[in-house]
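Engineer: Under this note's numbering, the first residue of the sequence shown is numbered 7, with each subsequent residue one higher. Below is the structure I would like to discuss, written out as structure tokens.
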Amino acid sequence: MGRIQIIAILGSLAFLFIIARLILKAKLREEYAIIWVLCTLALVLFSFWRNGLEILSRFFGVYAPPNMVFIGAIIAILIYLLHLSIVVSKLHDRTKIMSQEIALLKEKKQNHSDSNQNNG
């Protein structure tokens with residue numbers, strides 16, 4: 007086992023530990039942690055299984071295994087960005103609805119207090 011392989015294994019396991027701590031401390035929600043755990047497990051797998059990246063590269067027709075890493079990373083980032091865009095869009099819609107409901111409640115409260123002052 008080479009030095010770079012040991013560094014890759016330790017780095018991947020350290021990252022997995024950090025993700026687990028963030029989940030346990032409720033700083034990272036489980037639904038977002040899934041992608042991070044899957045990517046980290048892939049890193050751990052390829053850290054132990056050195057020929058795995060070469061086999062995967064040949065299967066997909068990529069000539070150089072390091073290029074397969076970049077392709078995989080770019081695809082994962084694009085998928086994650088799409089997911090975050092969907093989440094932000096939903097949050098934007100919910101925020102708009104909540105602000106409209108708050109405005110209606112404020113107006114209702116103001117009208118109610120105005121009618122009480124007129125009656126009293």
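Built from N, CA and C at the ideal position, the CB exists for glycine as well. These figures come from a predicted structure and were not determined experimentally.
Can the beta-carbon of G58 be found less than 9 Å from the beta-carbon of F66?
Structural biologist: Cβ atoms of G58 and F66: not closer than 9 Å.
Engineer: Please state the DSSP three-state secondary structure of G8.
Structural biologist: DSSP places G8 in coil when its eight states are reduced to three.
Engineer: DSSP three-state call for G78: helix, strand or coil?
Structural biologist: Three-state result, G78: helix.
Engineer: Do the stretch 106-123 and the stretch 71-87 touch if we need at least three Cβ pairs shorter than 8 Å?
Structural biologist: No, the stretch 106-123 does not touch the stretch 71-87.
Engineer: Quick one: which unbroken alpha helix (DSSP H) runs of 4-plus residues sit fully inside the stretch 13-88? Chain order, please.
Structural biologist: DSSP runs (the alpha helix (DSSP H)) wholly in the stretch 13-88: 36-54, 58-66.
Engineer: Quick check on this structure: which residue in L90, A48, L19 has the alpha carbon closest to the alpha carbon of G78?
Structural biologist: For the residues L90, A48, L19, the minimum Cα distance to G78 belongs to A48.
Engineer: Out of L19, K114, N124, point me to the one whose CA is closest to V50's CA.
Structural biologist: With distances taken between Cα atoms, V50 lies closest to L19.
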